[in-house]
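Okay, structure first, notes after.
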Amino acid sequence: CTRIETEAYGNVSKECPDLVRQGWKDLYEFAKTEPGKGVIAGALHLCDSHNVNPSNIHGWISGALETMVQYGYPYPTNFYNPVPGYPFKVTCENMLKDGTGLGALYAAAAIYYNYTGQAGNCFDFGSILEASQKHWTRRGRYDYLAKLSNEDDDSKRTDRRLTTLQDATDHAWGYQTCTEVYQPMPTDGVTDFELPYQPDQEAYFANCQQIWDVTPRPNWEEMYFMGIDIGSGSNIFITNGQVDPWRAAGITKLPKGSNPSIVTRTIAMGAHHYDLRSSHPMDPPSVTAVRNEEKEHMKKWIAEWTKNHNSY
758 CTRIETEAYG NVSKECPDLV RQGWKDLYEF AKTEPGKGVI AGALHLCDSH NVNPSNIHGW
818 ISGALETMVQ YGYPYPTNFY NPVPGYPFKV TCENMLKDGT GLGALYAAAA IYYNYTGQAG
878 NCFDFGSILE ASQKHWTRRG RYDYLAKLSN EDDDSKRTDR RLTTLQDATD HAWGYQTCTE
938 VYQPMPTDGV TDFELPYQPD QEAYFANCQQ IWDVTPRPNW EEMYFMGIDI GSGSNIFITN
998 GQVDPWRAAG ITKLPKGSNP SIVTRTIAMG AHHYDLRSSH PMDPPSVTAV RNEEKEHMKK
1058 WIAEWTKNHN SY
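Structure follows, in structure tokens:
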């Protein structure tokens, strides 16, 4: 997942992933002292330095970097926040203009959280905390969620910090990641631009038990949706977007001997479920071609079924 994100920014300029890596180092180093927190607040245009903690800001920025790739369409969109076309490209270009680690992190925040000026002249702690909690919850990073609670000394927000599932979407997704959609995401900081992390399955399962009273089923998706046995199916058209982080969990190649009626395509410069979106004047040829191919295959499947069941 994070490798695909890193690849998207790296394809704009190989310097951008390095700037993000430097940004994390500077963030955690400066956060060790009060003067350093002031540097962070100034570089990231935070409203104050009192509530600066690196885990909080890390999740806030990491979520922006991920979402701008996942929803990186060539035209402006407004799913969670208004962003320009190919927001990851615009962000990378702004990173290069600044050329510093913290400047790279600010470039991501400025495009994703304040593209139209909706955040005002500075970013407030409450919005940063909420975005960070949602990101770490989606990632199943309960270790970071615990850090948010431990590092923040504002006791008035204790209940809010510990309530990490704040709306229906997050609530449902939190449950899914503890049942059918267990997808640990290790990072190494080399092939991706995140800090190194190795998932702790025992701790992850314990958190799922504590929050939902359920235990994840790591192989459920593969068993239920055929996984490596997908080749025994028929009449399936599988697509993945080249820049969609979810491609990491998708089927991009078919097993040897698969039914020839199964097709898999990776859409060049394609974001999340791009082929299923309405057509747009700025659609690249890659997505238009896949949509046309999908229609032709569906017509073929319908014709074959009609021919074989004409008695009905």
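Plus 757 on top of the position in the sequence shown (first one is 1) and you've got the numbering used here.
Don't be surprised by glycine CBs; every beta carbon is placed ideally from N, CA and C.
Residues that residue i bridges to, as DSSP identifies them
i: Gly998; result: Ile1024
i: Phe880; result: Leu803
i: Ile1019; result: Ile993
i: Thr944; result: Tyr954
Residue nearest to residue i in terms of C-alpha spacing, selected from the options
i: Glu1050; options: Pro1012, Ile797, Ile993; result: Ile993
i: Thr1009; options: Leu862, Ile995, Val777, Asp1001; result: Ile995
i: Arg1022; options: Arg1048, Cys935, Pro774; result: Arg1048
i: Leu801; options: Phe836, Phe882, Ala866, Gln827; result: Ala866
i: Ile818; options: Tyr939, Pro973, Leu886; result: Leu886
i: Val971; options: Lys1013, Tyr961, Glu978; result: Tyr961
i: Glu772; options: Glu937, Thr790, Met852, Ser806; result: Met852
i: Gly829; options: Ile761, Asp949, Tyr785; result: Ile761
i: Ala963; options: Gly984, Thr936, Ala788; result: Thr936
i: Tyr832; options: Ala1006, Met825, Tyr863, Tyr843; result: Tyr843
i: Pro1017; options: Ala1006, Asp1040, Gly988, Arg974; result: Gly988
i: Ala821; options: Ala864, Asn810, Ala798, Phe787; result: Ala864
i: Trp930; options: Leu784, Pro953, Leu952, Arg895; result: Arg895
i: Ser884; options: Ala925, Glu823, Asn813, Tyr954; result: Asn813
i: Lys904; options: Pro973, Asn810, Pro1041, Val938; result: Asn810
i: Ala1006; options: Met1026, Ser1015, Asn976, Lys1013; result: Asn976
i: Leu1011; options: Ile985, Trp1003, His1029, Arg1034; result: Ile985
i: Arg974; options: Asp1001, Arg1034, Thr934; result: Thr934
i: Cys758; options: Ile797, Trp781, Glu823, Leu784; result: Glu823
i: Pro792; options: Trp781, Lys782, Gly780, Asp805; result: Asp805
i: Leu803; options: Gly877, Trp1058, Met825, Val826; result: Gly877
Cut-off 7 Å between Cβ atoms - residues of its own chain near residue i, not counting five sequence neighbours on either side
i: Thr1063; result: none
i: Arg917; result: Because the pLDDT of Arg917 is 36, which lies under 50, any placement of that residue in the model is unreliable, and the question is left without a value.
i: Leu776; result: Met852, Gly858, Ala861
i: Phe982; result: none
i: Gly946; result: Arg778, Leu952, Pro953
Buried or exposed (CB count within 10 angstroms, at least 16 for buried), residue i
i: His815; result: buried
i: Asp910; result: At Asp910 the pLDDT is 46, less than 50, meaning the model places this residue with poor confidence and gives no usable figure here.
i: Ser991; result: exposed
i: Lys891; result: buried
i: Ala788; result: buried
i: Cys879; result: exposed
i: Gln958; result: exposed
i: Lys794; result: buried
i: Ala888; result: buried
i: Ala798; result: buried
i: Thr848; result: buried
i: Lys913; result: Here Lys913 scores only 37 on pLDDT, less than 50, and its place in the model is too uncertain to base an answer on.
i: Ala1028; result: buried
8 Å Cβ shell around residue i - same chain, five flanking residues per side excluded
i: Pro956; result: Gly897, Pro941, Met942, Pro943
i: Val1020; result: Ile993, Phe994, Ile995, Glu1050, His1054
i: Ile1024; result: Thr996, Asn997, Gly998, Gln999, Tyr1031, Asp1032, Ser1043, Val1044, Val1047
i: Tyr899; result: Trp893, Ala960, Tyr961, Asn964
i: Gln875; result: Asn838, Pro839
i: Gly767; result: Cys773, Pro774
Contacting residues, own chain, Cβ-Cβ under 6 Å from residue i (five flanking each side not counted)
i: Ser1036; result: none
i: Lys846; result: Val769
i: Tyr808; result: Just to set this straight, residue 808 is Asn in the shown sequence, not Tyr. Answer for Asn808: Phe882, listed in chain order.
i: Tyr872; result: Pro839, Val840
i: Thr763; result: Pro774, Asp949, Phe950
i: Phe836; result: Tyr828
heavy atom of the ligand ZN below 6 Å from residue i C-beta
i: Met1026; result: With respect to small molecules bound, the structure shown includes none, and the ligand ZN cannot be examined in it.
*asked:* Threshold first: 4 residues or longer. Then list the alpha helix (DSSP H) segments lying entirely within the stretch 766 to 841, N to C.
replied: 772 to 787, 791 to 800, 811 to 827
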